Each structure stands twice: as structure tokens, then as C-alpha cells.
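Read through the structure below, which is laid out as C-alpha cells, and then see the notes.
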Amino acid sequence: MTKSDDAAGSFSKGITCSASVFGAFAQDLGLDERTARKIACGFGAGISRTGNICGAVSGAIMVIGLKYGKEVPGVDGGATEKTRALTRQFIQEFEQKHGSVNCTSILGYNLSIQAEYDEAAKANLFKIQCPTCVRDAAEILERIL
405 MTKSDDAAGS FSKGITCSAS VFGAFAQDLG LDERTARKIA CGFGAGISRT GNICGAVSGA
465 IMVIGLKYGK EVPGVDGGAT EKTRALTRQF IQEFEQKHGS VNCTSILGYN LSIQAEYDEA
525 AKANLFKIQC PTCVRDAAEI LERIL
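Residue numbers (the numbering used here): 405 to 549.
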């Protein structure tokens, strides 16, 4: 099973978008999936329905940081620049596919407004658009990591 299949499957079972992406990669990077999902949970739905960055994007950036991020204060060895470069690459590729990394822009609804959240749900965006974002985020990661 690919990481994108794993992430998409988790999302279809009710795991948040951010937790689905982060969790799919975590175990291979030394973090158990359950802990990863807990860490990433609040980033889902545009950072807890505040209309901010897409949770699939947040989860992906956490994966990049977990794999390449700086571990020890004062000792970098290029880790920060590698993390930033891959994050920029990820964002560029995701934006090419979805036009934005912002949840509100991607969905066309501001999830922080209950009426708009309800409209997005009625339009089945959480079952149509969000799974695509989760799968695409994981596929981009599989390619660039």
C-alpha cells in the first residue's frame, strides 16, 4: 500500500486531513502512528476550522520537519535549509494542483463560519475535495522525500 493510499484510507475513516497525512509517514520516521495522529489532530480543517492552511498541507510540512528538521540547538548541518527548501517545493507543487494552500480558498467556504461549514458539508466537499487534497499531499511527499 502506498502512503497516499494509507492517508486517503485514514481520512475516509474519519481521521482528520492533517493526521491522515502525518500518520501515514510517521512510523517510517520513528514516530508511532497513534502519537502522530494526536499531534496533528488540531491542524485539520484549516487549523481547527479557522479558515487557515489546509490540514493536508500542515500534515505534510510536519512530515518534512520530522524527516529533515533541526534536532539540536546550535547544530544545524543544513537541516533548516533542507527543510525549508522541501517545504517550499511541496507548497509550490500543491498550489499548482489546488490553486492555494489555504483551506478557505481551496473549498470556497470559510469553515470558521457555521453557515459556510454547513454549505461545504451539503456540497459534499469533505468527501470530494478534501480526500483529493489528502491524497495529493501524500503523493507529493512520496515523490520529494
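All C-beta atoms in this analysis are idealised placements derived from N, C-alpha and C, irrespective of residue type, glycine included. Bear in mind the structure is a predicted one, so any value in this text is a computation, not a measurement.
For residue i, count the other beta carbons within 10 Å of its own beta carbon; 16 or more makes it buried, fewer makes it exposed. Which is it?
i	result
N528	exposed
T508	buried
V505	buried
V476	exposed
T406	exposed
G434	exposed
G448	buried
T487	buried
A519	exposed
What's the gap between the Cα of residue i and the Cα of residue j?
i	j	result
T454	G478	34 Å
L501	K471	The identity of residue 501 in the sequence shown is Lys, whereas the question assumes Leu. So the alpha carbons of these two residues sit roughly 24 Å apart.
N456	D436	27 Å
Quick test of your reading: residue i and residue j, contact by CB under 8 Å. State the CB separation rounded to the nearest angstrom.
i	j	result
S408	R547	With 8 Å as the limit, S408 and R547 do not qualify as a contact, their Cβ atoms being about 10 Å apart.
C421	C537	7 Å
G459	G450	7 Å
A411	A542	4 Å
Suppose the cutoff is 8 Å on Cβ atoms and the five residues either side in sequence are ignored; what does the same chain contact list for residue i look like?
i	result
F415	C421, S424, C534, P535, V538
Counting pairs of beta carbons, one from the segment 441-450 and one from the segment 421-430, are three or more of them closer than 8 Å? yes
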